[in-house]
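Written out below as structure tokens is the structure these notes cover.
Below is the structure:
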């Protein structure tokens, strides 16, 4: 008898899954998956992006939906747990049959879901700046690649306006994004004649909170008399204690500027910025840029979250661009079929919130403008430098020896993300 | 003196054997058949994504079983069992990484991608041999066992008990987590090991391989359960339980508490390593966060939810909590922690002996009428 | 043009005038055009304008430049400049209050770090004659740092008239660094002699660079000696700095662990929700801060932290009492069940806070009196927030020890912990004592949260970061011993910080963890083991 109960219990799970699947297939909506952590360590950053997607879906439905159907967001919580990301991705694609997924923040979460998207031929829009070295046929990368963020930032600091830095501290959290970025930057700095003795590379663990020694080390390194700049690839949680220590130890931006690639308006909202004025960040978007599109976006955001104090940031714009591009591609293709949408995405254009147009390239990365901002006392950024035009993202960096000759181009005749000669060479 | 056979195979506990057979039939026969036979659209069809999911639960169940052996029977609450699980997983992951061969991003036949990228010239010495499955299989069990042996020998010899032991096991897994996060360690840092292609020549992406791995997990769990039952039913098992209840007396009676504990701990670590090894190819990634103390605490919670010191309870607990987690993170993504947290509180207050205790109580209250029914049929 | 500017700088600064003469005006036209030029198209134009203003040595320039530095300078559509101050506007040229300015019409005068550096320097120069010795010292330093052409002559002249000893030594050192670059060999030699007494890493760097280009053997030898003596002093200072940083880390660990030393150490509850109590305390600080901003005048904002401490103690203490009465009291004698249910509580509390305050970090600002630090010798900065936390932590520990030792409640608490049935037999209401004890532990965790909000994140995950460390400290120190916790936390902090410069942050921490595991082998009950039979139970 008891055993029957056990079986029934285990079977119930299967039954629920099957039943809900059947029920959902009956509804006539287009499903959009949202795969962002709502709990755990990454919830700090990712919940905002979940809200952004929901806002966009809401907006799209107000405009009448897509292809005559309502759009429905399927939100799941992968809880900052990497295997759970893969599991949830599979669930979204196979059980919920979503047309597209917006999600992931950390590199490891993207790496974890990548095989799932490739096996199931799904579509993922990844909205965060990352280390490059990847181009999957099933992922569209709407965040910055290193050449859209790190290199321009360093070039700026080497320029007259940036203070002509001659000595560099590369301070990062110990994971793949900082390691890659710093590898590229070291090669770039070397090519500009900076000796290795003038570069200090240092890594700290995730969530590192006691920065006294590290900040002291930076001060000492800077004491050699050459103008020193710090490039920070410190991730998430560790930034608040880092900047607090920086401010309290009296490191002024005019003496030792710190440029960060993972610190935006949202992160600054958790810090008192009065003593950090002048430190920098490089992004493709700043909330303080005044354009009609950006004003409308900020207004829409405030209305959606019912809070006028919430900031916007770069990954939100990347989500916005990704969502718009997908919408346009679906309209153009007349279907949500992944293969058709993918083809329609190439060359798709969306107006940036900060002016100009973002273009989806055949390497699945965007062309976007790059901006350098200095921190203002109110927690916003003052844009001090901007590229003249958009910069095309490199999936493979010319500054990494192993990447030599690698091409990412998903259109004929190449049709691959990582190869040295076209796949369809014979047909040329 | 009962014979081996009576003790182990033909025990009086018919209820267990009936359950074991039925569960075996369900997981080993029904699940694969439901996956393979009915067509896609059929209501009875078990979709493909459920297979690795069930496989994952069963790996967790094996881990919980391993913990129940040391905690429920030897009285050693390890809050660092995730470390053994992760070590087994890493051993498997290293084999799978070597299997990739030249199909990696940088196409290096010897070095995994992350090593090429960090400009390593040679494979570190501790990676040698992992291209051979038998060696990797040995290491899956050996690596966690050796860690357990060294750590356990140090700890049990010094008579570290109770909370102190729990905390230092936690310190151990925490230290390992930090170590594996370091990119210089040569285990891929935060990204861990991922992007596996195949196992023993079978394509990991194909549903057939997944089903095979699932079946292997069911078999491993079943055999491990029998092994654990055998151990706890043996004389050694009696000593373990006596030690759990009154360590000082057992010591005075002349038994070696250190050796007994060490045996249970090492066996448990080996089983945990096996669970980790089966887990990795099914979820497709192993990363240092598996070492995080919170993960190990969760394992203890599965055991407590199922009912400590019952073996079967540990398995039930792991399955129940994880199934609930999967369902809740999907159904109520923004409130699931309330439900999960509430579950733990309710279980401790209302079900001190876990699910097994509940089943027992239900059985006792129902025992009388049921007995009558059975008599009638007879 | 450049030469002219230089002459102007020199003329203005060398010209000895009484302090009040700073109000004297330069020709009005020059000042006006220079101020207008602050709104130049490029940063180069702005810098030229700033330097021209500095050269005028006009008393009216300082407030304008200061406003520019603070980001308070803006341009009206007619290109005239205004200074904004708390919502009011003044004409930058005349200082007259303007009433009809609309915020929307203004365009900010943006500056970047280069402009900021020049502004700092020029403002410094303008205060070279300030009556405040501190300002004079900073001004001299600024001149040397910027290597303004002719700065050496200006400083020499300043030195002649300077009477304040501390200013004199700064000026001498500043002159020394400038003289190192002098073409005159004897000057260089004299400069090395002066600088040998310094313990500034910047000076060391300058000496090292001098050596790279220097051919004169006598000079090289002198520089060698100077470098060696500076290096020696710097090493000493570094050890001192590491010790301080270790104490500071120790105090953070201690604060995080004291509450646990009570709930876990005294009561035996494996309190996994301890971290969340810390988190609740930090959020209390945030709420109090927001209340101050909303309802109280900005002058008292600095006091919010002082107010937050008792409020956090009460709030988290009450939460603790509620938990004890509602849940934990059913679980006494089953420590592992407490682990399970407090883990559940911790998940729920995190999600409650996430639902109320949202997942992103909240800003809890350091009050002014905890911001910044004193620059000690050798490039080491003693930061106020760290210092305050060390003292605060000791105060909390002292008060707690006194309560346990001398108060009636403390006596009852110890009695219940040592022998519950006997205590009950003596008429102690053990249930009430249990509730209050758990409340006390939680309350202390709450005030720890207030302190920790000053150095780290305030987010729903805050508590998770401290939980493993807290348990480690309590176990390392010896469960049930407050002094063990103190010594454990301090020694772990210091060892960690002494290792960090050599092993790196990650490896340093791993080594500390391994050390703890090995240490527990030697002393299975921690540093301060309780003796007696009861502990075996």
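Residue numbers (our numbering), protein chains in the order written: chain L, 250 to 677; chain Z, 6 to 383; chain B, 477 to 1013. All residues carry an ideal CB built from backbone N, CA and C; glycine is no exception.
Query                                                                                                                                        : Result
Alpha-carbon to alpha-carbon, residue 538 of chain L and residue 574 of chain B                                                              : 28 Å
Through-space distance from residue 716 of chain B to residue 856 of chain B, alpha-carbon basis                                             : 9 Å
Alpha-carbon to alpha-carbon, residue 290 of chain Z and residue 199 of chain Z                                                              : 5 Å
Test item: CB-CB of residue 526 of chain L and residue 502 of chain L under 9 Å                                                              : yes
Given residue 77 of chain Z as reference, the closest of Z/307, Z/345, Z/259 and Z/92 once Cα atoms are compared                             : Z/307
Below-9 Å beta-carbon distance, residue 994 of chain B vs any chain Z residue                                                                : yes
Cβ of residue 746 of chain B within 9 Å of any chain Z Cβ                                                                                    : yes
Nearest-angstrom Cα separation, counted from residue 655 of chain L out to residue 662 of chain L                                            : 15 Å
Residues that residue 54 of chain Z contacts on chain L, provided the C-beta gap is smaller than 7 Å                                         : 339, 340, 343 and 344
Residues sharing a beta bridge with residue 608 of chain L, DSSP                                                                             : L/598 and L/616
Per-residue burial, residue 499 of chain B [other beta carbons within 10 Å of its own, 16 or more giving buried]                             : Legend: pLDDT at residue 499 of chain B = 43, less than 50; position of this residue unreliable, no value from coordinates given.
Length of the line joining the Cα atoms of residue 820 of chain B and residue 939 of chain B                                                 : 14 Å
Where the alpha helix (DSSP H) through residue 400 of chain L begins and ends                                                                : 399-407
Those runs of the beta strand (DSSP E) which lie wholly inside the region 185-211 of chain Z and span at least 3 residues                    : none
Residues that residue 288 of chain L contacts on chain Z, provided the C-beta gap is smaller than 9 Å                                        : 334, 338, 339, 341 and 342
Backbone CA spacing between residue 232 of chain Z and residue 18 of chain Z [nearest angstrom]                                              : 16 Å
Counted within 10 angstroms of its Cβ, other Cβ atoms place residue 677 of chain B as buried (16 or more) or exposed                         : buried
Member of B/916, B/749 and B/848 whose CA lies at the smallest distance from the CA of residue 786 of chain B                                : B/916
Residue 451 of chain L, DSSP secondary structure in three states                                                                             : strand
Residue 560 of chain B - containing beta strand (DSSP E), residue span                                                                       : 557-561
Residue burial classification, residue 424 of chain L (beta-carbon count within 10 angstroms, cutoff 16)                                     : buried
Classification of residue 936 of chain B by the beta-carbon crowding that lies within 10 angstroms, buried from 16 upward                    : buried
Beta-carbon contacts of residue 572 of chain L that lie in its chain and below 6 Å, excluding the five residues immediately before and after : 305
In DSSP terms, what residue 481 of chain L is bridged to                                                                                     : L/420 and L/509
Those residues which DSSP pairs with residue 631 of chain L across a bridge                                                                  : L/623
CA-to-CA distance, residue 349 of chain Z to residue 816 of chain B, given in whole angstroms                                                : 6 Å
Cβ-based contacts, 9 Å cut-off: residues of the region 483-504 of chain L near chain Z                                                       : none
Beta-carbon proximity list for residue 651 of chain L, same chain, < 7 Å, skipping 5 on both sides                                           : none
Range of the contiguous beta strand (DSSP E) that encloses residue 667 of chain L                                                            : 665-668
Per DSSP, cross-strand counterpart(s) of residue 566 of chain B                                                                              : B/559 and B/573
Stretch pair the region 946-964 of chain B + the region 755-762 of chain B: three plus CB contacts closer than 8 Å                           : no
Option nearest residue 583 of chain L by Cα separation, candidates L/447, L/316 and L/362                                                    : L/316
Residue 152 of chain Z versus residue 29 of chain Z - alpha carbon distance                                                                  : 32 Å
Three-state class that DSSP yields for residue 84 of chain Z in the structure shown                                                          : coil
Neighbour-count burial assignment, residue 1014 of chain B, 16 or more Cβ in a 10 Å radius                                                   : With chain B running from 477 to 1013 in the structure shown, residue 1014 of chain B is simply not present.
Same chain, Cβ closer than 6 Å to residue 589 of chain L, five either side skipped, listed in chain order                                    : 582
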